[in-house]
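Here the structure comes first, spelled out in C-alpha cells, and everything after it is commentary.
There are 2 protein chains.
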Amino acid sequence: MSTAVRNDDSGLRAAPKGGSGLRKQSKADASRERVLEAAAKTFSERGYAGTTMRDIARAADLQAGSLYYHYPSKELLIEAVIDKGIHNITNAVVNTIATLPPSTSYADRVRAAIQAHLHALLTYSAFASASRHLLAQVPVEVRRKHVLRREAYEEFWLGLLQSSQAAGETRDGVDLRLARTFILGGLNSALDWYRPEGKSIEELADQFAMMVEGGILIDRPD
Amino acid sequence: MSTAVRNDDSGLRAAPKGGSGLRKQSKADASRERVLEAAAKTFSERGYAGTTMRDIARAADLQAGSLYYHYPSKELLIEAVIDKGIHNITNAVVNTIATLPPSTSYADRVRAAIQAHLHALLTYSAFASASRHLLAQVPVEVRRKHVLRREAYEEFWLGLLQSSQAAGETRDGVDLRLARTFILGGLNSALDWYRPEGKSIEELADQFAMMVEGGILIDRPD
DNA sequence: GTCTATATTTTGATAGAC
DNA sequence: GTCTATCAAAATATAGAC
Numbered sequence: 048m049s050t051a052v053r054n055d056d057s058g059l060r061a062a063p064k065g066g067s068g069l070r071k072q073s074k075a076d077a078s079r080e081r082v083l084e085a086a087a088k089t090f091s092e093r094g095y096a097g098t099t100m101r102d103i104a105r106a107a108d109l110q111a112g113s114l115y116y117h118y119p120s121k122e123l124l125i126e127a128v129i130d131k132g133i134h135n136i137t138n139a140v141v142n143t144i145a146t147l148p149p150s151t152s153y154a155d156r157v158r159a160a161i162q163a164h165l166h167a168l169l170t171y172s173a174f175a176s177a178s179r180h181l182l183a184q185v186p187v188e189v190r191r192k193h194v195l196r197r198e199a200y201e202e203f204w205l206g207l208l209q210s211s212q213a214a215g216e217t218r219d220g221v222d223l224r225l226a227r228t229f230i231l232g233g234l235n236s237a238l239d240w241y242r243p244e245g246k247s248i249e250e251l252a253d254q255f256a257m258m259v260e261g262g263i264l265i266d267r268p269d
Numbered sequence: 048m049s050t051a052v053r054n055d056d057s058g059l060r061a062a063p064k065g066g067s068g069l070r071k072q073s074k075a076d077a078s079r080e081r082v083l084e085a086a087a088k089t090f091s092e093r094g095y096a097g098t099t100m101r102d103i104a105r106a107a108d109l110q111a112g113s114l115y116y117h118y119p120s121k122e123l124l125i126e127a128v129i130d131k132g133i134h135n136i137t138n139a140v141v142n143t144i145a146t147l148p149p150s151t152s153y154a155d156r157v158r159a160a161i162q163a164h165l166h167a168l169l170t171y172s173a174f175a176s177a178s179r180h181l182l183a184q185v186p187v188e189v190r191r192k193h194v195l196r197r198e199a200y201e202e203f204w205l206g207l208l209q210s211s212q213a214a215g216e217t218r219d220g221v222d223l224r225l226a227r228t229f230i231l232g233g234l235n236s237a238l239d240w241y242r243p244e245g246k247s248i249e250e251l252a253d254q255f256a257m258m259v260e261g262g263i264l265i266d267r268p269d
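As you go down the protein sequences, you meet chains A and B in turn. Following the working numbering, the numbering of the first sequence begins with 48 at its first residue and continues without gaps. Following the working numbering, the numbering of the second sequence begins with 48 at its first residue and continues without gaps.
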C-alpha cells in the first residue's frame, strides 16, 4: 500500500576555497556544519530574536566569538538555516516525482509526494520548523527571497493537482488552490506534534494520503 | 449549503476596580484594550523576543513607560494575548455546537465547527496567530498553562469525531486523532495565507468542509 | 580555528514630574 | 494616566592572543 520512492538531497554544498575543482572536505567544513545544525535547533526552539549567538555557540560547543569565523552575522546564519529548510523538502519531493515511472497514476503521484514531503519535513525538522515559523521574524530581504522559493514549491503542488484534474482523477467542485493549502497545512502541522515514539513516518503518510484521496481524489476501484 | 450558526465571546472581561459589582467601563479600560490589540499585532508580526515594549507602545500611541500602568511586564502581556487567542476560538466553536438542534447530523456538526473555527481564527487573527506560533518562545510557565488549554480544545474535536464514528458517519480505517490534527492543521494554515480580498470566510469554510467530509466522513446520499 | 576580552547598542523596567 | 529620563542587564560584533 505504501509508495516508498524517495530521494534526499540537501542542496547547498559549500564550494572548496582553493579555486580548482578539487573537493577538500575538512575540519572547517565539519565545524561549519555543526554550527548550522546548532543554529537550526536553537532558532526553531526559541525564535530568531529569542536566540542569542551565545545560545548557538553553546549548542555547537564553541565560544560565541568563534561563530563569526564560520558565519559573518546572525542574519546570514538564519538565512542559511531557512534556505536549507526549504531546499530539503523541495528537492526531496521534486526528485521523488521525477523518479516515478511515466505510467504512474496521479493518485499515486500525490501519495508519493505526501510521503516525500513528510519524510523530509520530519527528518530535518529543525530546519523545516525554522523556515516555516520564523520567516515573519527575519530581516525583510531574507524573507522576500524565501517567500518566492516557498511559492515555487507550492506551485509545484498545484501543478500536480491540475494534472490530476486534467486526467479526471479529482473530485468535482474542489478548488485546487485551496486543496493544496489544506493538504500542505495538514502535513506541516506534523512539525508541531509528531513524536518518533509513535507511528512511523510511513504510517503517517499512508493515513494522510488516504484522507486526501478520499476527500480530494475520486474514489477509484482497487 | 452553508451552516451559518455562530457565537462569538471573547471571554476575559476585566473586572471593575471598585469592589461593588457596578460596571465602570472608562478610559483606563479603553487604553488597556488598545494596548492589548497593539501587542497582539506586534507580537504576531515579530515574535516574542523580537517585539520590544517600545514597538508595542508605538502601535498603541503611547510612550514605552506608560505600558506598565496597564500591564506589569512583557511576560504578562504576551500571556494575555495568547490567552485571548485560544479563548476566542474555543468559545466560538463550543458555543456554536451547543446551539445546534439535537437532531443535527455529525457531518453537519463538523461543518459548523469548521465554520466557527475559521471565522474566529480569521476575525481575531493577530491573537490566533500569536497563540499558535509563539507558544514555543514564551516563558515556560506561560507555555505550560496554554498547552493544556489547547489540548482541551483538541480533545473537544476528537469527541466530535468519535461521536461521529459511533453514529456510523466516519469512513472506515481512519485514525481519528490523525484526522483531527490534519483538519486543524489545514484550517489553521489559513492564518498564513488568507487575504480578505479573496474568498469570503464562509466560502472557505464550505470548501474545507467539503474536503473533510469527502475524505473523512462517509459519502452520504443527498 | 578557537579563545578571551571588550565596545557599542538595545532592552525591560523604574522613578518622579505633570 | 501619560510623559520624560535613566538604570542595569544583555546582545551583536570586533580585536588580538594563542
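Backbone N, C-alpha and C define an ideal beta-carbon position, used for all residues, glycine too.
Contiguous alpha helix (DSSP H) elements confined to the stretch 107-147 of chain B occur at 111-117, 121-146, taking only those with 4 or more residues. The shortest C-alpha to C-alpha distance from Lys121 (chain B) to any of B:Ala163, B:Asn135, B:Asp155, B:Leu83 is the one to B:Leu83. Here DSSP, grouped into helix, strand and coil, assigns Thr98 (chain A) to coil.
With contacts defined by Cβ atoms closer than 7 Å, Ile133 (chain A) and Ala167 (chain A) do not form a contacting pair.
A distance of 7 Å or more separates the beta carbons of Glu201 (chain A) and Tyr153 (chain A). Distance between Ala145 (chain A) and Thr98 (chain B), taken at the CA atoms: about 43 Å.
Of the other Cβ atoms in all chains shown, fewer than 16 fall within 10 Å of the Cβ of Trp240 (chain B); this residue is therefore exposed. Around Ser172 (chain A), the same chain offers Ser91, Leu238, Tyr241 as residues with beta carbons nearer than 8 Å, after the five sequence neighbours per side are excluded. Here Ile161 (chain A) is near Ala256 (chain A), since their CB atoms are less than 7 Å apart.
Under the Cβ distance rule, His193 (chain A) does not count among the residues neighbouring chain B, no pair being separated by less than 7 Å. Annotation: Trp204 (chain A) has no Cβ neighbours in chain B at a cutoff of 8 Å; minimum Cβ distance is about 13 Å. In the DSSP assignment, Arg242 (chain A) falls outside any alpha helix (DSSP H) and carries neither an H nor an E. Inclusion of Leu251 (chain B) and Leu165 (chain B) in the CB contact set at 7 Å is warranted, their separation being smaller than that value.
Under the 7 Å criterion on CB atoms, Thr228 (chain B) is classed as interfacial with respect to chain A. Around the beta carbon of Tyr115 (chain A), a 10 Å sphere encloses fewer than 16 other beta carbons of the protein chains shown; the residue is thus reported as exposed. Residues of chain A with a Cβ closer than 7 Å to the Cβ of Asp222 (chain B) are, in chain order, Gln254. At a cut-off of 7 Å between C-beta atoms, Ser152 (chain A) does not count as an interface residue with respect to chain B. About 15 Å separates the beta carbons of Asn235 (chain B) and Arg196 (chain B), which is beyond the 8 Å limit, so they are not a contact pair. Across the structure, Gly245 (chain B) and Ile103 (chain B) are spaced so that their CA atoms are roughly 29 Å apart. Identification of residues in the stretch 87-102 of chain B having a C-beta nearer than 7 Å to some C-beta of chain A yields Glu92, Arg93, Gly94, Tyr95, Ala96, Gly97, given in sequence order. Between Val185 (chain B) and Tyr95 (chain B), the C-beta spacing is below 7 Å. Residue range 187-213 is occupied by the alpha helix (DSSP H) that includes Gln209 (chain B). In the three-state DSSP reduction, Thr151 (chain A) falls in the coil class, being neither helix nor strand.
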